[in-house]
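> For reference, each letter of the sequence shown is one residue, going 221 to 1146 in my numbering.
Backbone N, C-alpha and C define an ideal beta-carbon position, used for all residues, glycine too.
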Amino acid sequence: MSSSAPRHELRGRHDECEALDQLLAGARAGESQVMVLRGEAGVGKSALVDYLVANATECQTLRAAGVESEMELAFAGLHQLCLPLMGQIDRLPGPQRDALAVAFGLSAGSVPDRFLVGLAVLSLLAEAAEEQPLVCVVDDAQWLDQVSAQTLAFVARRLLAERVALVFAVRVPTPGPGDDRFRGLRELVIHGLRDDDARALLDAVVPGRLDVRVRDRIVAETRGNPLALLELPRGLTVAELAGGFGWPDARPLASQIEQSFVRRIGALPGAAQRLLLVAAAEPVGDVLLLRRVAERLGIGAGAAAAAEAAGLIEFGTLARFRHPLVRSAAYRAADLGERQDVHRALAEATDPESDPDRRAWHRAHAAVEPDEAVAGELERSADRAQARGGVAAAAAFLKRATELTPDPARRGARAVAAAQATFEAGAPDAALGLLGAAELCPLDELQHGRLARLRAQIVFARRRGGEAVPLLLDAADRLERVDGGQAREAYLEAIGSAVFAGRLGEHGALRKVAEAARAAPPGPRPPRPADALLDGLATRFAEGYVEGAPLLKRALRAFRKEAGRNGDDVMRWLWLTWLVAGDMWDDEMWHELTTHAVRTARETGALNFLPLSLTYRAAVHVHAGEFDAAATLVEESTAILKVTGNAYLGYASMLLLIMRGEDAQAPTVLDARAEWASSTWGEGRSIGGRHYMNAVLYNSFGQYEAALASAEGACEHEDLGVYGFSLVELVEAAARSDAPESAATALRQIEERATASGTNWALGLLARSRALLSGGQAAEPLYREAIEHLQRSRSTVDLARTHLVYGEWLRRENRRVDAREHLRIAHEMLQRFGAKAFAERAGRELLATGETVRKRTADSPDRLTAQEGQIARLARAGLSNSEIAAQLFLSPRTVEYHLGKVFTKLAITSRHQLPQALPDQDQNRP
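1. Might you give, ordered along the chain, the residues of its own chain that have their beta carbon closer than 7 Å to the beta carbon of residue 1066, omitting 5 neighbours on each side?
2. For the alpha helix (DSSP H) containing residue 1064, name the first residue and the last one.
3. Do the region 354 to 369 and the region 285 to 303 touch if we need at least three Cβ pairs shorter than 8 Å?
4. Under the rule that 16 or more other beta-carbon atoms within 10 Å means buried, what is residue 631, buried or exposed?
5. In angstroms with no decimal places, state the Cα-to-Cα distance between residue 226 and residue 268.
6. Quick one: complete alpha helix (DSSP H) runs, 4+ long, within the region 571 to 632?
7. Suppose the cutoff is 6 Å on Cβ atoms and the five residues either side in sequence are ignored; what does the same chain contact list for residue 599 look like?
8. Whole angstroms is fine: what's the gap from residue 981's alpha carbon to residue 975's?
9. Could you please give me the residues that DSSP links to residue 259 through a beta bridge?
10. Do you know how far the Cα of residue 817 is from the Cα of residue 237?
11. If we count the other Cβ atoms within 10 Å of its Cβ and call it buried at 16 or more, is residue 1034 buried or exposed?
12. I need the straight-line Cα distance from residue 265 to residue 301, nearest angstrom please.
13. For residue 528, which of helix, strand or coil comes out of DSSP?
14. My parser needs the alpha helix (DSSP H) runs of 4 or more residues fully inside the region 737 to 775; what are they?
15. Would you mind reading off the limits of the beta strand (DSSP E) that contains residue 533?
16. Whose C-alpha, out of 525, 545 and 720, is nearest the C-alpha of residue 536?
17. Within the same chain, show all residues whose beta-carbon is closer than 7 Å to that of residue 797, passing over the 5 residues directly before and after it, in chain order.
18. Name the DSSP beta bridge partners of residue 541, please?
19. Rounding to the nearest angstrom, what Cα-Cα distance links residue 625 and residue 577 in this structure?
20. Can you tell me where the alpha helix (DSSP H) holding residue 923 begins and where it ends?
21. Taking the straight line between their C-alpha atoms, what separation do you get for residue 870 and residue 697?
22. By the DSSP assignment, the alpha helix (DSSP H) with residue 799 in it spans what residues?
23. On the three-state DSSP scale, how would you describe residue 1129?
24. Is DSSP giving residue 317 helix, strand or coil here?
25. Whether or not the region 373 to 386 and the region 302 to 321 are in contact is what I'm after, with contact meaning three or more pairs of Cβ atoms, one per stretch, closer than 8 Å; do they touch?
26. Buried or exposed for residue 556, please, with buried defined as at least 16 other CB atoms from any protein chain shown within 10 angstroms of its CB.
27. Round the Cβ separation of residue 348 and residue 280 to the nearest angstrom and send it over; I've been treating them as touching at under 8 Å.
28. Report the option in 570, 490, 487 and 706 whose CA atom is closest to the CA atom of residue 507.
29. The ligand SAM and residue 767: does any heavy atom of the ligand fall closer than 7 Å to the residue's C-beta?
30. Three-state secondary structure (DSSP) at residue 407?
31. Could you tell me the boundaries of the alpha helix (DSSP H) in which residue 1022 lies?
32. Can the beta-carbon of residue 1123 be found less than 8 Å from the beta-carbon of residue 1114?
33. Going by Cα to Cα distance, which pick from 414, 487 and 369 is closest to residue 234?
34. Can you check which of these residues, 421, 321 and 391, is closest to residue 288 by C-alpha distance?
35. Rounded to the nearest angstrom, how far is the Cβ of residue 1025 from that of residue 973, given a contact under 8 Å?
36. Considering only the alpha carbon of each residue, which of 1125, 1126 and 1095 lies closest to residue 1112?
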């Protein structure tokens, strides 16, 4: 902070003020700053926020505050913060500008992804900070509406090199959900004042001399809370304070402070009390609106002066309470009838054209009995909220609409809709409660089916142990009679549920579901890709792999065709199609589906879907030997999941861990991960995945008996997308462990599956497996056939492993010169990938042929980080900073910051030198 900046001292807050001064200095220097001030009610967070704003000289300041009564209004807090910058909205890239305009109700359009809105806010702040350092403060952030809290948390985690300081003040213990999104950000915990400062503050507000023992008791019981020290003595006589009489009881401190405000409000004239109630019920602080309502209620002009004189509220351009607890005290001190009268007056004074949602919300609070007109208005507000991406707001509107609906049949329909929105907003328990309410109403067959399906989806979202399977079957049966398309989707979800339950589900569940699905009525015409997928999976699990393969190939082609149009089905069913493509060893489909999914998720800003697509794409990179690219996507996925709060997706990171073969603790990590997934989620498929990955790891170490045991464990259950890969590992392990029967059984199954698949990847693995189990010279043409097929596939890791086992076979045949050629290829490829254990295995074999093995040069300490590498590759491909920023959900300045570090590490001066300094590592062919 410049020496000329004004200082606004706060008693006993030297360290806190110093931290805020440093935060301002960092923002001015171009280093983004984020801080969460945490403390109990009244401890001084708002005073520190005032200090920060007062000292933010030469900075533009944006200020917002969470309001408890606005928590159900989507984007309310975000709009409050960004409103001063809306004149710059046209400077944003088109998709971001449109998303923000729809979110704030400035224009109509399709539902914007909330994190595309987040990227727009990030860009908006970054643009404003280019002109002048920007300080953004959000007080009472625990009361932010859900989508505003989530969006601002996203922005906070993406700021890096912008001249922006973003500060949240959060009450602890938090009474609202908004705080959850800020976990993990830099924190400054605000404690009560030290005893000497607390005594000085108390002496300053208590008239007359205070008994030392009483003073010490007050200081001790308030724990130095400044607001308690200032407010609790008000309204008590000197005698009461001197003797300790009338001192508050042992209620929680926030309650004591609030009660002190209740006492002060109660001492005001009735008109002033009513005006405070109006201001408390109107969350925006619109003074003109308050005046109109005051006139309607007959509140005279003197009421405002009395309320201000009591130090409870200020009426300026906006109405601002002294403290949020004054607002809650004013509202809760009034009886229900008074509150309803005030909300009714607010509704009448609110413009139905410019602010229909707040008007509907006030009408809902004013209703004394069920009212279809109000319920219908709330339903329309829910539609508008849904269109802006405010799922939580839509859920709140629909829930209240349900309560106010007089007709039982219509109430049931609204309850089902409210439950759906509530589930999508991430509140499954509340959704189940609404479903229970819906069941008490008369429902038609379609509504019964939707209710049953939603209940099953909630069960599956909570736990993947197969409990959802019978519920989904019941829902499908109900829906068959009224909506064949929804029925088939329910059957497909039931198959997916049984797949994830795996060996922990009911015995024979998959076959049972498949048989039921095959008897389902036909779906819409023309068939959707999902219908083809259902037919394929039903046949696959009812009759077998070979019988289902043609139908599944057709289904995958349908999804590929769909990706060329709008791709909604690709996004919706990727969690199943990705498994099917892997089960078919269809590497091209893997590549195409994940490429489309990642691109579409980035373009649309679908961050709830992007982590899944990034994880699946990362796994494709691992099999292609592109470990650094995979690590970058895993890192990005993990970062997004921290923001969204969704479940961790560990498959790609675990696969990368075992393929790298660097960590001796990898089996322990895998076991812990699988135990967590199976015990927490009931996901039996994770057990098969753990056994498969351990088999790969032990094969890389050359510990073939351990690999055989792991592979056999994986093959105890036919997990979709795991079983075929496990058979291949089993053959290699069995061939080196003298287990001919296990090897022969596995090979027969590989032959059936690979022939039915017909991809180069499948045929290459089949030829390699046959070669491993062949004697004499019969093995050589099979190895060559495997290499020929795998060279035409994307599975470069399997190509390198085939060169490895071929070279090992040649060495055992005493053909050392020929062996060196293939072992050298394998060793160089595996080293380049970063597959340390497999590379060391190839190196040992090379040494045995008499060749000197060149060790890989140790990585430079200036090696690019995963994010730097990703940005460098995108810049090498010709993308501008703005384009890179939009793709990676960063600001252009942060991209520029990272590129500066890239140039330094690579010893280059411009992006034109990137192709030479950063060779294309995606080309992993020998």
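This is what the structure holds:
1. On the sequence shown, residue 1066 is found 846 positions in, with the first residue counted as 1. Correct list, in chain order: 1040, 1043, 1044, 1047 and 1073.
2. Working through the sequence shown from its first residue, we reach residue 1064 at position 844. That run of the alpha helix (DSSP H) goes 1056 to 1068.
3. yes
4. Along the sequence shown, one-based indexing puts residue 631 at 411. By the 10 Å Cβ count, residue 631 comes out buried.
5. Counted from its first residue, the sequence shown places residue 226 at position 6. Counted from its first residue, the sequence shown places residue 268 at position 48. Note on residue 226: pLDDT 38, under 50, position unreliable in the model; no value is reported.
6. 576 to 586, 592 to 607 and 611 to 623
7. What you label residue 599 is simply residue 379 of the sequence shown in a count that begins at 1. Around residue 599: 621.
8. Position 761 of the sequence shown, counting from 1, holds the residue named residue 981. Position 755 of the sequence shown, counting from 1, holds the residue named residue 975. Straight-line Cα distance between these residues: approximately 11 Å.
9. Your numbering for residue 259 matches position 39 in the sequence shown. According to DSSP, which records beta bridges pairwise, residue 259 is partnered with 391.
10. Your numbering for residue 237 matches position 17 in the sequence shown. Your numbering for residue 817 matches position 597 in the sequence shown. Each residue's alpha carbon lies about 47 Å from the other.
11. To locate residue 1034, count along the sequence shown from 1; it is residue 814. Residue 1034 is exposed by the Cβ-count criterion.
12. For the purposes of this step, residue 265 is identified with residue 45 of the sequence shown, where counting begins at 1. For the purposes of this step, residue 301 is identified with residue 81 of the sequence shown, where counting begins at 1. The alpha-carbon atoms of residue 265 and residue 301 are separated by roughly 18 Å.
13. Start at 1 with the first residue of the sequence shown, and residue 528 comes out as number 308. If DSSP states are grouped into helix, strand and coil, residue 528 belongs with the helices.
14. 749 to 763
15. Position 313 of the sequence shown, counted from the first residue, corresponds to residue 533. Element bounds for residue 533: 533 to 535.
16. For this step, residue 536 is matched to residue 316 along the sequence shown. Answer by Cα proximity: 525.
17. Here residue 797 corresponds to residue number 577 of the sequence shown, with the count starting at 1. For residue 797, where only same-chain residues beyond five positions count, the Cβ hits under 7 Å are 753, 776, 779 and 813.
18. Position 321 of the sequence shown, counted from the start, is the residue given in the question as residue 541. In DSSP, residue 541 forms a bridge with 533.
19. Indexing the sequence shown from 1 puts residue 625 at position 405. Indexing the sequence shown from 1 puts residue 577 at position 357. Those two C-alpha atoms are separated by around 18 Å.
20. Numbered from 1 along the sequence shown, position 703 holds the residue referred to as residue 923. No alpha helix (DSSP H) holds residue 923; DSSP gives it neither H nor E.
21. The sequence position of residue 870 within the sequence shown is 650, counting from 1. The sequence position of residue 697 within the sequence shown is 477, counting from 1. Distance between the alpha carbons of residue 870 and residue 697: 34 Å.
22. The residue labelled residue 799 in the question sits at position 579 within the sequence shown. Segment 788 to 803, the alpha helix (DSSP H) holding residue 799.
23. Looking up residue 1129 in the sequence shown gives position 909. Residue 1129: coil per DSSP, three-state reduction.
24. Start at 1 with the first residue of the sequence shown, and residue 317 comes out as number 97. Three-state DSSP puts residue 317 in a helix.
25. no
26. Your numbering for residue 556 matches position 336 in the sequence shown. Exposed, because fewer than 16 other Cβ atoms sit within 10 Å of the Cβ of residue 556.
27. By one-based count along the sequence shown, residue 348 stands at place 128. By one-based count along the sequence shown, residue 280 stands at place 60. So it is a contact: roughly 6 Å between Cβ atoms.
28. Here residue 507 corresponds to residue number 287 of the sequence shown, with the count starting at 1. Closest option to residue 507, Cα to Cα, is 570.
29. No copy of the ligand SAM appears in this structure; indeed no ligand is present at all.
30. In the sequence shown, counting from the first residue as 1, residue 407 sits at position 187. Three-state DSSP puts residue 407 in a strand.
31. The count along the sequence shown starts at 1 and reaches residue 1022 at position 802. From DSSP, the alpha helix (DSSP H) with residue 1022 extends over 1016 to 1032.
32. Translated into positions along the sequence shown, residue 1123 becomes position 903. Translated into positions along the sequence shown, residue 1114 becomes position 894. Not a contact, by the Cβ cut-off of 8 Å.
33. Locating residue 234 in the sequence shown gives position 14, where the first residue counts as 1. The residue with the shortest Cα to Cα distance from residue 234 is 414.
34. As a position in the sequence shown, residue 288 is number 68, starting the count at 1. Of the candidates 421, 321 and 391, the one whose C-alpha sits nearest the C-alpha of residue 288 is 391.
35. The sequence position of residue 1025 within the sequence shown is 805, counting from 1. The sequence position of residue 973 within the sequence shown is 753, counting from 1. Rounded, the Cβ-Cβ distance is 20 Å, inconsistent with contact.
36. In the sequence shown, counting from the first residue as 1, residue 1112 sits at position 892. Per the Cα distances, 1095.
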